[in-house]
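Comments concern the structure below.
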Amino acid sequence: MIPPTHPRYRSLLEREKLVEGFERGLVVPQGLIAHGRGEAFDYLIGEETQDFAVRAIEAASAALLLAERPVVSVNGNVAALVPEHVVALSREIGAKLEVNLFYRSREREEAIAAALRAWGADEVLGVGEDASARIPELQSERRRVSPRGILLADVVFVPLEDGDRTEALRRMGKTVITVDLNPLSRTARTANITIIDNITRALPLLVDVVKRHKSLSRDSLRSILEGYSNERTIGEALDHICKRLRDIASSLRALNTCGG
Ligand code: ATP
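First residue of the sequence shown? That's 1364 in the working numbering, and the numbers climb one at a time after it.
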């Protein structure tokens, strides 16, 4: 048991959830490594949702509510960290849920679908024979998607996705929304909307914003979306990290001067 008073309580709890997800067959070892990369960027960002992430969340909500065939894609880390929130998101926007894995196995697909059903999901696509369609230009198991889900979707929410598949989805003409703590990843730079934040903070916020946005007109949603620029978001995230590191460095230098 991690005491809630521990200064790194949230971060340690996330690790526990991933280890538990690994033991339940949801998460693969590579997923643990990917989480470590995310943690490093979270440290640099300051482990709080920043304004550039809030603006991306607003744009993501508008895009999802305007979509005709939205799909929420779920991989092992997402299922381990935020299963309740992806189910709530899909319900709020009327989106299909699809298991979408880089390292596919029938057992993993089933385990992830079961984790989502435990939170009330009715239908989960991308399991077994359902993942029978192919993303063009990708090799092997990584290209399998559901012909009723991602293949048909106009807007796909693919948090913690890899760069190759994000690029392939864009080439298929889809609007791609992702969550990625690394503003420099290919996924972050290729997606239409990148929420640069920890998925454990971003997802509950996205669900709240969607609930609030549901009362807006389609024109208002369109203007939120049109006012958004992903290049600007990534630039702001990098500026934020640089400024934060410079501020920390100067406060350390000031301390050093005072101490003689
Ligand atoms: P790319 O292929 O897009 O250049 P990558 O090789 O880092 O990037 P993956 O190994 O698939 O891609 O990693 C997925 C991404 O998810 C990483 O960039 C990591 O920063 C990010 N990530 C991991 N955990 C979290 C989390 N909890 N919240 C948000 N992002 C995360």
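A virtual CB, placed ideally from N, CA and C, is assigned to each residue, including glycine.
Open item on the list: I want to check one thing, is the minimum distance from the CB of V1542 to the heavy atoms of the ligand ATP below 7 Å?
Closed with: Counted from its first residue, the sequence shown places residue 1542 at position 179. With a threshold of 7 Å, the Cβ atom of V1542 counts as near the ligand ATP, since some heavy atom of the ligand is closer than that.
- [ ] Give, in chain order, every unbroken run of the beta strand (DSSP E) that is at least 3 residues long and sits entirely within the stretch 1462–1522.
- [x] Along the length of the stretch 1462–1522, whole beta strand (DSSP E) runs at least 3 residues long occupy 1518–1520, reported in chain order.
Task: DSSP-derived helix/strand/coil call for K1606 - done: Taking the sequence shown and counting its residues from 1, the one referred to as residue 1606 is at position 243. Collapsing the DSSP output to three states places K1606 in a helix.
Open item on the list: Considering only their Cβ atoms, is the gap separating D1517 from T1541 smaller than 8 Å?
Closed with: In the sequence shown, counting from the first residue as 1, residue 1541 sits at position 178. In the sequence shown, counting from the first residue as 1, residue 1517 sits at position 154. Cβ distance not < 8 Å, so T1541 and D1517 don't count as in contact.
Open item on the list: Checking 8 Å against the spacing of the C-beta atoms, do I1562 and V1434 come in under that value?
Closed with: For this step, residue 1562 is matched to residue 199 along the sequence shown. For this step, residue 1434 is matched to residue 71 along the sequence shown. Not closer than 8 Å, so no.
Task: Which listed residue (I1365, P1367, A1443 and A1419) has its alpha carbon closest to that of R1387 - done: Here residue 1387 refers to the residue found at position 24 when the sequence shown is read from its first residue. Closest by alpha carbon: A1443.
Open item on the list: Is the beta carbon of L1584 closer than 8 Å to that of A1425?
Closed with: Stepping through the sequence shown from its first residue, residue 1425 is reached at position 62. Stepping through the sequence shown from its first residue, residue 1584 is reached at position 221. In this structure, L1584 lies closer than 8 Å to A1425 by Cβ.
TODO: Please classify T1412: does DSSP put it in a helix, a strand, or coil?
DONE: If you number the sequence shown from 1, residue 1412 lands on position 49. In the three-state reduction of the DSSP assignment, T1412 falls in the coil class.
Open item on the list: Helix, strand or coil, according to DSSP, for V1542 in the structure here?
Closed with: Position 179 of the sequence shown, counted from the start, is the residue given in the question as residue 1542. V1542 falls in the strand class under three-state DSSP.
Task: Alpha carbon of K1380 to alpha carbon of T1620, nearest angstrom - done: The sequence position of residue 1380 within the sequence shown is 17, counting from 1. The sequence position of residue 1620 within the sequence shown is 257, counting from 1. K1380 and T1620: Cα-Cα distance of roughly 43 Å.
Task: Contained alpha helix (DSSP H) runs [length at least 4] in the stretch 1547–1579, N- to C-terminal order - done: Counting only runs of 4 or more, we get 1549–1553 and 1562–1576.
TODO: Examine the ligand ATP and report whether any of its heavy atoms sits within less than 7 Å of the Cβ of D1525.
DONE: Position 162 of the sequence shown, counted from the start, is the residue given in the question as residue 1525. Under cutoff, so the answer is yes.
Open item on the list: I'd like to know whether the C-beta atoms of P1546 and L1601 end up nearer to each other than 8 Å.
Closed with: Within the sequence shown, numbered from 1, the residue matching residue 1546 stands at position 183. Within the sequence shown, numbered from 1, the residue matching residue 1601 stands at position 238. The Cβ-Cβ distance between P1546 and L1601 falls below 8 Å.
TODO: Indicate whether T1550 and G1512 have their beta-carbon atoms separated by less than 8 Å.
DONE: Residue mapping note: residue 1550 aligns to position 187 of the sequence shown, counting from 1. Residue mapping note: residue 1512 aligns to position 149 of the sequence shown, counting from 1. Against a cut-off of 8 Å, the Cβ pair of G1512 and T1550 comes out as no contact.
Task: Start-end ranges of the beta strand (DSSP E) lying completely within the stretch 1425–1459, minimum 3 residues - done: Correct list: 1433–1437.
- [ ] Tell me whether I1604 counts as near the ligand ATP, meaning its Cβ is closer than 7 Å to at least one heavy atom of that ligand.
- [x] In the sequence shown, the residue the question calls residue 1604 occupies position 241. Not so, every heavy atom of the ligand ATP lies at least 7 Å from the Cβ.
Task: C-alpha distance - A1451 paired with S1436, whole-angstrom precision - done: Position 88 of the sequence shown, counted from the first residue, corresponds to residue 1451. Position 73 of the sequence shown, counted from the first residue, corresponds to residue 1436. Roughly 13 Å between the two C-alpha positions.
Task: R1387 (DSSP reduced to helix, strand or coil) - done: Mapped onto the sequence shown, residue 1387 falls at position 24. R1387 carries a coil assignment under DSSP once its states are collapsed to helix, strand and coil.
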